[in-house]
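First the structure, in the form of structure tokens, and then the observations on it.
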Amino acid sequence: MDVMVGKLLQQLLLGLIILAATAASIPNSSICDRMCGNIKIPYPFGTSEGCSLDKPFLITCNHTFHPAIPFLDRDITVEDISVLNGELRVSNDVALLCKGRPDNGYDFLEAVSRASNDKSKAYPCGSKASSAYGSCISSPRSTVNYTGISALLNLSSFRISETRNKITAVGCDVYTYIQGSDQGQKGFTTGCLSLCDQNLTVVNGSCSGIGCCQTSIPKGATGYILNVRRLSNDTLPGGIESKDQSCGYGFIVDEQAYNFSSLDFVNLKNRSSVPLVLDWAIGNKRCKDAQKNKGSYACKATHSYCYDSTNGPGYRCNCSEGYLGNPYIPDHEHESCQDIDECMGLWKPCSPNATCTNTDGNYKCTCPKGYEGDGRKDGTDCTPIVLGQSNNKIISIALGVSISLLVLLVGTSWVYWALKKRKLIKLKEK
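Residues 1 to 430 in the UniProt record's numbering are what the sequence shown spells out, letter by letter.
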């Protein structure tokens, strides 16, 4: 008896420990600020210790700006956090290459009017130009390897999305390349070349290599150094007459957020950042291993499921079909995975003449009397039952039943007479 009581107490104590650990890992939403300026900060992210899942998800909310601005790792501006897609959109630096860009902000190498025989002009270092950002030249159209301003990004817990972002170069006869590493610290180098030709026209919206080029970023990248370099003897594209044409740009950008325009040859000079999408995941374990420890397992909502990250280690959580919300929050919180009332949504799933009934995680469409079908817009809809077709169905059913009964009766009679005949034969033999 004492042994049994001891085991029960042991199990009860273990359950309380697990419950306490689970409760401790989920912050109290009433004391956590889920907004930083105009940006929502959903769990597992948080703006203070105890309000995020762990340190990598801690966001610094800088209130010296109005409105306040959220930062990742204190210097990367956060623009949006998606729990549904496991993505984080941040501001990413633009690498700039202007020919010998001086401290006063003007280029010392200019592309002058085509009416002039002198296609380019250079000033000696120390006069109107400075070599702070590049090389100074004194002869027209010389071959110079300008260094420009590089872009640097280094992350430890997030991966750069290879499906959303593109390495991009804008300018004439410039190439952008990145040197980076993945989660396993394997190095890589990749980039693209943007050319200009007098006989080829720059096409807005196209980054096929004329004035703009794009290429994919390797999977699993966690950091990189991006540089812009220029080829010798650059040529101006038709229709563009600006000294700012001598600039080249390089950046990694969310492909959906950037549409190339010939105006970018000038406008990008005044743009310091572009949107970049990062992938985030929970920990370094896969779902099958993470689920073994219920205390640390991050998918807290009952109606949620786990799926492995496709861009590096870790896993993510999502609400089950028919539910919407934050799967990292337990059921008692209103932001957790809640049943979607499909019947009240803007997109009505049932036919106009059908009755929609919301169910737990699903819905049901019922056709009115005199109609048949599943009642769904994407199904068989509700169609009127034609009287003639209805009578034919009844006749067919009745005929089928009658034939079945007749066959059964004939079969039973045959068996009966066969058994009786067999019995008579046996009596005669006696």
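Here a beta-carbon is modelled for each residue, glycine too, at the ideal position from N, C-alpha and C.
C-alpha gap between residue i and residue j, whole angstroms
i	j	result
Y363	S272	49 Å
I225	S161	16 Å
N154	N326	28 Å
L193	C207	10 Å
S404	W417	20 Å
C299	S261	43 Å
A281	G191	27 Å
R316	I252	25 Å
G105	T310	A caution first: G105 carries a pLDDT of 36, below 50, which makes its placement in the model unreliable, though a value can still be read off. Approximately 44 Å, taken between the alpha carbons.
S396	V415	28 Å
P218	A354	50 Å
T64	G86	29 Å
R286	E79	28 Å
C365	K348	11 Å
T201	I76	37 Å
D93	N204	23 Å
Y297	H332	17 Å
D73	T359	44 Å
A398	I425	41 Å
C32	D54	14 Å
V266	Q291	53 Å
G411	I385	37 Å
L276	S216	13 Å
S116	D173	Per-residue confidence for S116 stands at a pLDDT of 25, beneath the threshold of 50, marking its modelled position as unreliable; no derived number is given.
I210	L97	18 Å
V274	D197	27 Å
N38	H66	10 Å
L263	I178	25 Å
Burial state of residue i (16 or more Cβ within 10 Å)
i	result
H334	exposed
I137	Residue placement at I137 is poorly supported in this model, since its pLDDT is 29, which falls under 50; the coordinates are not used for a value here.
N293	exposed
D254	buried
D289	exposed
D378	exposed
A301	buried
L88	buried
G295	exposed
K186	exposed
I329	buried
K420	exposed
V407	exposed
G400	exposed
residue 457	Nothing in the structure corresponds to residue 457, since the chain is present only between 1 and 430.
G239	Since pLDDT at G239 reaches only 47, below the 50 mark, its modelled position is unreliable, and no value is offered.
G345	exposed
R422	exposed
Beta-carbon separation (whole angstroms), residue i vs residue j, contact threshold 8 Å
i	j	result
Q214	T168	5 Å
L278	V90	6 Å
D339	G361	6 Å
S336	S320	In fact, because the Cβ distance is near 12 Å, the residues do not count as touching under 8 Å.
C343	C356	4 Å
Contact set for residue i: own chain, Cβ-Cβ below 7 Å, skip 5 residues either direction
i	result
T383	Y371, E372, G373
I41	R34, M35, T47, I59, P70, I81
C61	C36, T47, A68, P70
F45	S52, F57, I59, I81
G322	D339, I340, G361, N362
Y307	C287, Y315, R316, N318
L409	none
S402	none
Contacts around residue i, its chain only, beta-carbon distance under 8 Å, and the 5 residues preceding and following it disregarded
i	result
A221	R159, I160, E162, G180, S181, D182, F188
S156	P56, T222
L324	C337, Q338, I340
S413	none
Cutoff 6 Å; reference residue i; Cβ partners in own chain excluding five residues on either side
i	result
G250	A95, A169, T176, L226, V228
T83	The sequence shown places Val at residue 83, not Thr. The residues are P42, N326.
Y258	none
D381	S351, G373
P313	N284
K166	Q214, E255
C212	V170, S194, F260
Closer than 7 Å to chain C by CB, residue i
i	result
A68	No chain C is part of this structure, which consists of one protein chain only.
What residue ranges within the stretch 69–105 form continuous alpha helix (DSSP H) runs of no fewer than 4 residues, ordered along the chain? Those alpha helix (DSSP H) runs which fall completely within the stretch 69–105 and span 4+ residues do not exist here.
Inside the stretch 349–391 only - beta strand (DSSP E) runs reaching at least 3 residues: With a minimum length of 3 residues, the unbroken runs of beta strand (DSSP E) contained wholly in the stretch 349–391 fall at 355–359, 362–366.
Threshold first: 4 residues or longer. Then list the alpha helix (DSSP H) segments lying entirely within the stretch 316–353, N to C. Taking 4 residues as the shortest admissible run, the stretch 316–353 contains no complete alpha helix (DSSP H) segment at all.
Starting from the N-terminal side, write out each stretch of the beta strand (DSSP E) that is 3 residues or longer and does not extend beyond the stretch 155–214. Annotation: the stretch 155–214 contains the following complete segments of the beta strand (DSSP E) (minimum length 3 residues), in chain order: 165–170, 174–182, 187–194.
Whole alpha helix (DSSP H) runs in the stretch 264–324 with 4 or more residues, listed along the chain? Runs of the alpha helix (DSSP H) inside the stretch 264–324: 264–267, 287–290.
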